[in-house]
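Structure first, then comments.
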Amino acid sequence: MEAARLYNVREGRGTTVGQTAGEGLDLGLLSELYVVHAPDGIRLAFLLTGDRALAEDLVQDAFARLVGRLQHLRARDAFAAYLRQTIVNLATSYFRHRRVERAYLERLAAAPSALTNDNDDLDEAMHHVLLRLPPRQRAAIVLRFYEDLSDAQTAEILRCSAGNVRSLVSRGMATLREALEGVAR
Amino acid sequence: MIDEHEVRQMLARRVDTLPVTPPDTPTAVRRARRRLLVNGAVTTIAAVLIVVTAFAGLDAIRSSFTPANRPTPSPTPSATSLTHFAGLPPTGAMPSKPENDGRVILNISPAVGAGWNGWNVFADGRVIGSGEFIPAGANPLQMASSQQWLTRQGVRLLRSRILAIARPTGLFKHNLELGWEAYDKQGLVDWYQVRTGRRSIDAQVLGPSNFDNKPRMATAAQMRALDQINTLITRLPASAWKDRTLRPYIPSHYCVAWDRAAPDPAKLPPPARELLAAMLKSSRNAEGVLTVDQTRALFTALLQAGLKPTRNTPSGIDWNLPNLPTGIFDPPHTTVRFWPGLPSGGC
Numbered sequence: 001m002e003a004a005r006l007y008n009v010r011e012g013r014g015t016t017v018g019q020t021a022g023e024g025l026d027l028g029l030l031s032e033l034y035v036v037h038a039p040d041g042i043r044l045a046f047l048l049t050g051d052r053a054l055a056e057d058l059v060q061d062a063f064a065r066l067v068g069r070l071q072h073l074r075a076r077d078a079f080a081a082y083l084r085q086t087i088v089n090l091a092t093s094y095f096r097h098r099r100v101e102r103a104y105l106e107r108l109a110a111a112p113s114a115l116t117n118d119n120d121d122l123d124e125a126m127h128h129v130l131l132r133l134p135p136r137q138r139a140a141i142v143l144r145f146y147e148d149l150s151d152a153q154t155a156e157i158l159r160c161s162a163g164n165v166r167s168l169v170s171r172g173m174a175t176l177r178e179a180l181e182g183v184a185r
Numbered sequence: 001m002i003d004e005h006e007v008r009q010m011l012a013r014r015v016d017t018l019p020v021t022p023p024d025t026p027t028a029v030r031r032a033r034r035r036l037l038v039n040g041a042v043t044t045i046a047a048v049l050i051v052v053t054a055f056a057g058l059d060a061i062r063s064s065f066t067p068a069n070r071p072t073p074s075p076t077p078s079a080t081s082l083t084h085f086a087g088l089p090p091t092g093a094m095p096s097k098p099e100n101d102g103r104v105i106l107n108i109s110p111a112v113g114a115g116w117n118g119w120n121v122f123a124d125g126r127v128i129g130s131g132e133f134i135p136a137g138a139n140p141l142q143m144a145s146s147q148q149w150l151t152r153q154g155v156r157l158l159r160s161r162i163l164a165i166a167r168p169t170g171l172f173k174h175n176l177e178l179g180w181e182a183y184d185k186q187g188l189v190d191w192y193q194v195r196t197g198r199r200s201i202d203a204q205v206l207g208p209s210n211f212d213n214k215p216r217m218a219t220a221a222q223m224r225a226l227d228q229i230n231t232l233i234t235r236l237p238a239s240a241w242k243d244r245t246l247r248p249y250i251p252s253h254y255c256v257a258w259d260r261a262a263p264d265p266a267k268l269p270p271p272a273r274e275l276l277a278a279m280l281k282s283s284r285n286a287e288g289v290l291t292v293d294q295t296r297a298l299f300t301a302l303l304q305a306g307l308k309p310t311r312n313t314p315s316g317i318d319w320n321l322p323n324l325p326t327g328i329f330d331p332p333h334t335t336v337r338f339w340p341g342l343p344s345g346g347c
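If you read the protein sequences in the order shown, they are chains A and B.
Per this note's numbering, the first sequence starts with residue 1, numbered consecutively.
Per this note's numbering, the second sequence starts with residue 1, numbered consecutively.
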């Protein structure tokens, strides 16, 4: 039985998760749930924020929020999807509500002075430009091209239409191209 | 000109630069627990207010609380039906379907310890893994290999990420056999295979004891790329998975091989004698394939003959069987290894 519970936790299945929230605080299972889902979340948050420590903080916050309202989720099996959506929302609101985006972007604007054709340098430059995009354009690009979600799935997370997603991606890509013009592999 | 493909590759590589450190679980759990307690307190206060208000005569306010459906725990195989051998299915167990998935799209078999410790991805998206893919708490008698399912898009994504990591280092452009001195003592072999279109491209890394001729040596960049590839599947986005649940993979056949002179059935009592003779008859070049029923029957007979496996692990079951030594220095037994076969019909 222990193995079956572990498999369910690995999948974030409602069975164990629901029981955890409803029947008291089983810290062991909460830990397992976090260990299973946190790495994916941290990678997504890192791409959205460019900062490993901030990414982990956002994921912890998203996890706490999600566990807190677990009983009210419509589909508790979809813990990972809810976590992804919460991370995107928190990343967006982090930059908006704390009014630090401008200062943050200025700090990031110091792009590498000498770009070479080396993969690492170009990656870093491209990620810097990505982080300077408006939060929704950035989220749309990461969800489409890293998480590999469809336009419709991305639209659900960003609470907009699929057409709007395509527009966000297109504008973000145009900015990337413009900023990195002349830099080729 | 930056295109979508380059952005995808950049994102995958940026994620790979993240240090592999365990997440700060205690802090996260503490925060989650605090929020749960706050929610509980808020709920309690709200409930008290509702009751008080109701008693005050405001009938219009009603609780709309609906208890959540209590889910049913998933069934687990009965412990009493298990065999004594790691991963060997009990009588009547059905092999995992489909029994033949056709082409292997990716084969990642890094040299980690003895036996098979890697993962294979099939054309239909099935992922069969061993070693690190077995959950820490799993009973090895229940799960020797695991299976999960990627979406077809997930398979494409995984392959493109592997190629994005490997090709800048020269891997997977054509078949390569590389040497790596660090494998000196155990002569380990890494074997990687990626199918692109009709071609299947190999990259093998050998320890010096496996060198026939001095091969080209692997570069540090190539070894780093292979290290990244070993665990790449665990870093795929959730959308790449159709079913990420780790379930036991139940093989339809077992593979068998031995290293020295063939075992001698005449030195065993019946029924082990007849079963071993049948196995030898159907084998060639010290290798063979048995059905699960044949494997189970042979193991049972060997136990009845007073033998015990010298190794009983998810990646292989070894028996020392009496042989006819071909030289005076040869030991009087041969190590025969059995391991679960793959749904491609291969080993």
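Glycine included, C-beta positions come from ideal geometry on N, C-alpha and C.
Remember, it's a predicted structure, so these values are computed and weren't measured experimentally.
Cβ shell of residue i (< 7 Å), same chain only, five flanking positions each side left out
i                : result
arginine 247/B   : Ser146 and Gln147
tryptophan 319/B : Leu302, Leu307, Pro309, Thr310 and Val336
valine 155/B     : Ile105, Val121 and Gly125
glycine 288/B    : Val256, Met279 and Ser282
alanine 45/A     : Ala55, Leu58, Val59, Ile87 and Ala91
alanine 179/A    : Val129
For residue i, the residue or residues it bridges with in DSSP
i                   : result
proline 322/B       : His333/B
alanine 203/B       : Leu176/B and Tyr192/B
cysteine 255/B      : Val289/B and Trp339/B
phenylalanine 122/B : Val104/B
threonine 313/B     : Gly316/B
proline 128/B       : A quick correction: the sequence has isoleucine, not proline, at residue 128/B. Paired residues: Asn120/B and Gln147/B.
aspartate 243/B     : Trp149/B
proline 263/B       : Asn323/B
proline 110/B       : None, per the DSSP bridge assignment.
threonine 89/B      : One detail in the question is off: residue 89/B reads as proline in this sequence, not threonine. DSSP lists no partner for proline 89/B.
arginine 65/A       : None; arginine 65/A has no bridge partner.
arginine 284/B      : Glu287/B
proline 248/B       : Ser146/B
arginine 216/B      : Leu178/B
Among the options, nearest to residue i - alpha-carbon criterion
i                : options                                   : result
asparagine 230/B : Arg216/B, Val194/B, Gly207/B and Glu6/B   : Val194/B
proline 208/B    : Ser200/B, Val189/B and Arg224/B           : Val189/B
threonine 245/B  : Ser31/A, Val36/A, Leu29/A and Asp151/A    : Val36/A
tyrosine 192/B   : Ala182/B, Pro265/B and Ala203/B           : Ala203/B
leucine 37/B     : Ala81/A, Gly68/A and Glu181/A             : Gly68/A
leucine 54/A     : Leu90/A, Leu66/A and Gln85/A              : Leu90/A
alanine 286/B    : Pro215/B, Pro26/B, Ala272/B and Val256/B  : Val256/B
glutamine 153/A  : Arg84/A, Ile42/A and Leu44/A              : Arg84/A
aspartate 40/A   : Trp258/B, His253/B, Ser239/B and Trp180/B : Ser239/B
alanine 261/B    : Pro331/B, Glu181/B, Met143/B and Lys173/B : Pro331/B
alanine 164/B    : Trp339/B, Glu6/B, His333/B and Thr334/B   : Glu6/B
leucine 130/A    : Phe145/A, Arg166/A and Gly172/A           : Gly172/A
aspartate 264/B  : His333/B, Ser344/B and Thr295/B           : His333/B
alanine 182/B    : Thr196/B, Trp149/B and Ala220/B           : Ala220/B
serine 93/A      : Arg177/A, Asp121/A and Leu48/A            : Leu48/A
Exposure label - residue i; buried when at least 16 CB within 10 Å
i                : result
glutamine 222/B  : buried
aspartate 227/B  : exposed
asparagine 323/B : buried
methionine 94/B  : exposed
methionine 1/B   : exposed
aspartate 123/A  : buried
alanine 110/A    : Per-residue confidence for alanine 110/A stands at a pLDDT of 47, beneath the threshold of 50, marking its modelled position as unreliable; no derived number is given.
glutamate 194/A  : An answer regarding residue 194/A cannot be provided, because it is not within the stretch 1 to 185 covered by chain A.
isoleucine 45/B  : exposed
threonine 17/B   : exposed
leucine 11/B     : buried
glutamate 181/A  : exposed
histidine 84/B   : exposed
glycine 50/A     : buried
threonine 66/B   : Bear in mind that a pLDDT of 30 at threonine 66/B, under 50, signals an unreliable position, so the number given afterwards is only what the model happens to contain. Exposed: under 16 other Cβ atoms inside 10 Å.
serine 109/B     : buried
Min CB distance residue i to chain C below 8 Å
i            : result
serine 170/A : Absent here is chain C; the protein component of the structure consists of chains A and B.
Cutoff 6 Å; reference residue i; Cβ partners in own chain excluding five residues on either side
i                : result
isoleucine 250/B : Pro89, Ala93, Pro95 and Ser96
asparagine 107/B : Asn120 and Gln193
cysteine 347/B   : Cys255 and Gly341
valine 205/B     : Leu178, Trp180, Asp190 and Ala218
tryptophan 258/B : Ala286, Thr334 and Val336
Cutoff 8 Å; reference residue i; Cβ partners in own chain excluding five residues on either side
i              : result
leucine 342/B  : Val104, Asn120, Ile128 and Pro251
arginine 216/B : Leu176, Glu177, Leu178 and Gly179
arginine 166/A : Asp151
Worksheet item: Taking the runs of the alpha helix (DSSP H) that are 4 residues or longer, which of them lie wholly in the stretch 119-155 of chain A?
Response: 119-132 and 135-145
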